[in-house]
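Each residue of the sequence shown is one higher than the last, beginning at 95 in this note's numbering.
Every residue gets a Cβ at the ideal spot worked out from N, C-alpha and C, and that includes glycine.
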Amino acid sequence: MRVRAPTPVLSRLIWYGRAARLAFEDPVEAFDRGMLRLVRRRDSGAEPVEPESAWGFETVYSAAMELLKAQDLAVGRGAFGGWDDADPAFARAVWCLTVHLQPRKVVETGVARGVTTRVILEALGRERSGHLWSIDRPPLDRKLHAEIGAAVPESLRRGRWTLMRGTSRRVLPGLLRRIAPIDLFVHDSLHTERNLRFELTRAWGAMNGAGALVADDVERSSAFVRFVDDSPPLDAVVASADDCRTLFGVALPRATPFSGRA
């Protein structure tokens, strides 16, 4: 009897079945594999990366939280003058992309106490390459200024990190003109539709063909969904924060056909 290879439709059904089973048994592992699958669809020649267990993300995130607590700072939702520290799910997605893509140039908007900033810098440090430019508008409450970047230790502040003060509308265009192309863009600043659409459009225009966009709190407007719909073909995923109170989105350029592999 001749055994035929699965058709594309059957391959897709098989993959969805595996994904559904994994999502039920281990939601964190399922999200990791989903993120990696998006990257692999874009870059079929990339070296394989194992999810979660080989990454060391939990150690990095826990260290960031402990550093904040050591400074007698509360952590979590609303802890920074009403703004949130990076949710673990959002930070893990950024870690996954940074570790796998090994970007040379990363831009983020919105620093606050620097949890996501630290995650990116730690991931860049694993490969001993890459640079992060962070754009942050200091809060009006001057008492909070001393907390900006509090999760980033001195050892990570030298060499790979440039902190730029000001709004993304004022700072981002000039920065992108100077350093383009970029490899990874992370939005976590003002979440209005106008501002998010502005940042995504500018970042996409400066992105290399193998980069990725990440945006936090995408449920606050339709900007992320509209950007994905209006842009060249993208693979995109919207996922929930660990506490299910907010959503974040990830988008990568689509370059390779569906492979049917989980």
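If you draw a straight line from the alpha carbon of residue i to that of residue j, how long is it in whole angstroms?
{"i": "V312", "j": "A335", "result": "11 Å"}
{"i": "L162", "j": "L191", "result": "24 Å"}
{"i": "A297", "j": "F279", "result": "7 Å"}
{"i": "A183", "j": "L341", "result": "10 Å"}
{"i": "G343", "j": "D166", "result": "32 Å"}
{"i": "K199", "j": "R252", "result": "16 Å"}
{"i": "P327", "j": "A244", "result": "38 Å"}
{"i": "A274", "j": "T295", "result": "14 Å"}
{"i": "A306", "j": "V213", "result": "16 Å"}
{"i": "S325", "j": "A164", "result": "44 Å"}
{"i": "V308", "j": "A345", "result": "7 Å"}
{"i": "A317", "j": "N289", "result": "9 Å"}
{"i": "F151", "j": "E216", "result": "9 Å"}
{"i": "S156", "j": "P267", "result": "34 Å"}
{"i": "D329", "j": "P233", "result": "34 Å"}
{"i": "R222", "j": "R272", "result": "22 Å"}
{"i": "L250", "j": "V154", "result": "12 Å"}
{"i": "A148", "j": "L238", "result": "Confidence is the limiting factor: at A148 the pLDDT is only 45, short of 50, which leaves the residue's position unreliable and the question unanswerable from this model."}
{"i": "F321", "j": "A240", "result": "35 Å"}
{"i": "V332", "j": "R348", "result": "16 Å"}
{"i": "V319", "j": "E248", "result": "38 Å"}
{"i": "L195", "j": "N302", "result": "12 Å"}
How is residue i classed by DSSP in three states: helix, strand or coil?
{"i": "L284", "result": "coil"}
{"i": "T340", "result": "coil"}
{"i": "G303", "result": "strand"}
{"i": "P347", "result": "strand"}
{"i": "H203", "result": "Going by the sequence as given, residue 203 is Thr instead of His. Three-state result, T203: strand."}
{"i": "R252", "result": "coil"}
{"i": "D323", "result": "helix"}
{"i": "V265", "result": "helix"}
{"i": "V169", "result": "coil"}
{"i": "L234", "result": "coil"}
{"i": "A330", "result": "strand"}
{"i": "A164", "result": "helix"}
{"i": "V193", "result": "helix"}
{"i": "I276", "result": "strand"}
{"i": "A55", "result": "Since the displayed the chain opens at 95 and closes at 356, residue 55 lies outside it and no answer follows."}
{"i": "I242", "result": "coil"}
{"i": "A66", "result": "Nothing about residue 66 can be reported from this structure: the residues present for the chain run from 95 to 356 only."}
{"i": "R259", "result": "strand"}
{"i": "S315", "result": "coil"}
{"i": "S228", "result": "strand"}
So residue i and residue j are supposed to be a Cβ contact under 8 Å. How far apart are they, rounded?
{"i": "T203", "j": "D282", "result": "7 Å"}
{"i": "A206", "j": "I242", "result": "7 Å"}
{"i": "V169", "j": "D179", "result": "5 Å"}
{"i": "A300", "j": "I276", "result": "5 Å"}
For residue i, which residues from the same chain have a beta carbon less than 6 Å from its beta carbon, with the 5 sequence-adjacent residues on both sides left out?
{"i": "L218", "result": "G224, R254"}
{"i": "R314", "result": "H285"}
{"i": "G208", "result": "G243, A245, V246"}
{"i": "D310", "result": "F184, D282, F342"}
{"i": "P197", "result": "G224, D277, L278"}
Residues in the same chain with beta-carbon distance under 7 Å from residue i, minus the five sequence neighbours each way, listed in chain order, please.
{"i": "F292", "result": "R263"}
{"i": "V188", "result": "T210, V213, I214, V280, V308"}
{"i": "R220", "result": "V193"}
{"i": "E287", "result": "S315, S316, A317"}
{"i": "M159", "result": "V169"}
{"i": "V265", "result": "I229, M258"}
With a CB to CB cut of under 8 Å and the five nearest residues on each side skipped, what residues in its chain are close to residue i?
{"i": "C338", "result": "none"}
{"i": "L270", "result": "V201, I276, R296, A297, G299, A300"}
At least three beta-carbon pairs within less than 8 Å, the region 247–267 to the region 213–228
yes
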